[in-house]
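Numbering (the numbering used here), first residue to last: 4 to 204. Everything below concerns the one structure shown next.
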Amino acid sequence: MSPLRGFASALIALTGGFATTFGMLFKRKPTIEYPSVKKQHAPRFHGLHELRRYADGKERCIGCELCAIACPANAITVIGAENAPGDRRSPGERYAARYEIDELRCIFCGLCEEACPTDAIVLTPRFEMADYRRGSFVYAKDRLLVPPQAGVGTAPDERPNGIPADLGTVAEQKSTVDIATGYDATNRGHILKTERRGLAG
Ligand code: SF4
Ligand code: SF4
Numbered sequence: 004m005s006p007l008r009g010f011a012s013a014l015i016a017l018t019g020g021f022a023t024t025f026g027m028l029f030k031r032k033p034t035i036e037y038p039s040v041k042k043q044h045a046p047r048f049h050g051l052h053e054l055r056r057y058a059d060g061k062e063r064c065i066g067c068e069l070c071a072i073a074c075p076a077n078a079i080t081v082i083g084a085e086n087a088p089g090d091r092r093s094p095g096e097r098y099a100a101r102y103e104i105d106e107l108r109c110i111f112c113g114l115c116e117e118a119c120p121t122d123a124i125v126l127t128p129r130f131e132m133a134d135y136r137r138g139s140f141v142y143a144k145d146r147l148l149v150p151p152q153a154g155v156g157t158a159p160d161e162r163p164n165g166i167p168a169d170l171g172t173v174a175e176q177k178s179t180v181d182i183a184t185g186y187d188a189t190n191r192g193h194i195l196k197t198e199r200r201g202l203a204g
């Protein structure tokens, strides 16, 4: 290629590049002032899980483990127990004595939600769960189960005021639980720590 043709071709390429840049200057910016402004997600967005209750406050989860079986990422641990006559947690014979989700393993496919016979486990549009500690991503029942006053019987998307700002004790746990105790506090975390050394931490 002659020097003149090379120069012309470079000039055309540069002009095309600058035209794209200048064109973007006058377009509406997609940037939003996060976190004060939050993006509106698609209605079926899959975010952080929560465990729902019935309108009378009883837990929907009956500890059947179907969600754990359906989970392709092996992220859910359920240990069921019999309801005591004087302390009935769910309407069924059993309830989830332990319920844990390792959100780092989760691929947010929603299969747990599909498998659940009582609509207990749901994926909310909430996505803010960043943390520096792996242990904080193993969500136990105290962080998944909605408080009795929040969201009883209603799917998250249909609640009058949307999703509650927090899942009860999330903020408190994040500030007090270090990696080691975060793992020890959950069944799944204990298994990770003792049987799969190198993954915890
Ligand atoms: S969303 Fe999918 S990967 Fe995550 S816990 Fe449910 S079934 Fe498992
Ligand atoms: S969340 Fe649903 S599927 Fe999972 S153990 Fe509870 S009742 Fe069964």
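Idealized CB from N, CA, C, for every residue including glycine. Computed from a predicted structure; not experimentally measured.
message: Can you list, in chain order, the residues of its chain with a C-beta nearer than 6 Å to that of Cys74? Leave out the 5 residues immediately preceding and following it.
response: Cys115
query: Residues in its own chain within less than 8 Å of Asn86 by CB, not counting five upstream and five downstream?
result: Arg92, Ser93, Gly95, Glu96, Arg97 and Tyr98
- request: Please determine if the segment 64-83 and the segment 108-126 are in contact, where contact requires at least 3 C-beta pairs separated by less than 8 Å.
  value: yes
message: Along the chain, where does the beta strand (DSSP E) containing Thr80 start, and where does it finish?
response: Ile79 to Glu85
task: Would you list, in sequence order, the uninterrupted alpha helix (DSSP H) runs of no fewer than 4 residues that lie entirely inside the segment 93-132?
output: 114-118
task: Using only the heavy atoms of ligand 2, determine whether one of them is closer than 7 Å to the beta carbon of Glu68.
output: yes
message: Alpha carbons only, please: which of Asp122, Ala123 and Arg129 is nearest the one belonging to Phe111?
response: Arg129
- prompt: If we ignore side chains and look at the alpha-carbon of each, how far apart do Asp169 and Pro151 end up?
  reply: The predicted position of Asp169 is uncertain, since its pLDDT is 38 and thus under 50; a value taken from the coordinates is nonetheless stated next. One C-alpha to the other measures close to 14 Å.
- prompt: From this set, Leu148, Glu131 and Glu106, which residue's C-alpha is nearest Asn77's C-alpha?
  reply: Glu106
query: What is the rounded straight-line gap between the Cα of Thr24 and the Cα of Leu17?
result: 11 Å
- prompt: Cα-Cα, which of Gly138, Ala58, Met132 and Asp134 is closest to Asp122?
  reply: Ala58
task: Write down the C-beta distance between Glu103 and Ala143 rounded to the nearest angstrom, noting that I regard them as a contact closer than 8 Å.
output: 5 Å
task: Alpha carbon to alpha carbon, how far is Ile15 from Arg47? Give it in angstroms, no decimals.
output: 45 Å
message: Quick check on the burial criterion: 16 or more other C-beta atoms within 10 angstroms. Buried or exposed for Met27?
response: exposed
message: When you measure from the CB of Pro151 to every non-hydrogen atom of ligand 2, does any distance come out below 7 Å?
response: no
message: Quick check: what's the CA-CA separation for Cys64 versus Phe29?
response: 52 Å
query: How would you call Asp181, buried or exposed, if buried means at least 16 neighbouring beta carbons within 10 angstroms?
result: Model confidence at Asp181 stands at a pLDDT of 46, short of 50, so the residue's coordinates are unreliable and nothing is read from them.
field: Classification of Leu7 by the beta-carbon crowding that lies within 10 angstroms, buried from 16 upward
entry: exposed
- prompt: So Leu148 and Leu54 are in contact, right, with Cβ under 8 Å, and what is the actual spacing, rounded?
  reply: 4 Å
message: Please identify the residue among Ile79, Gly138, Phe140 and Glu131 whose C-alpha is closest to the C-alpha of Gly113.
response: Ile79
query: Does at least one heavy atom of ligand 2 sit under 7 Å from the Cβ of Pro94?
result: no
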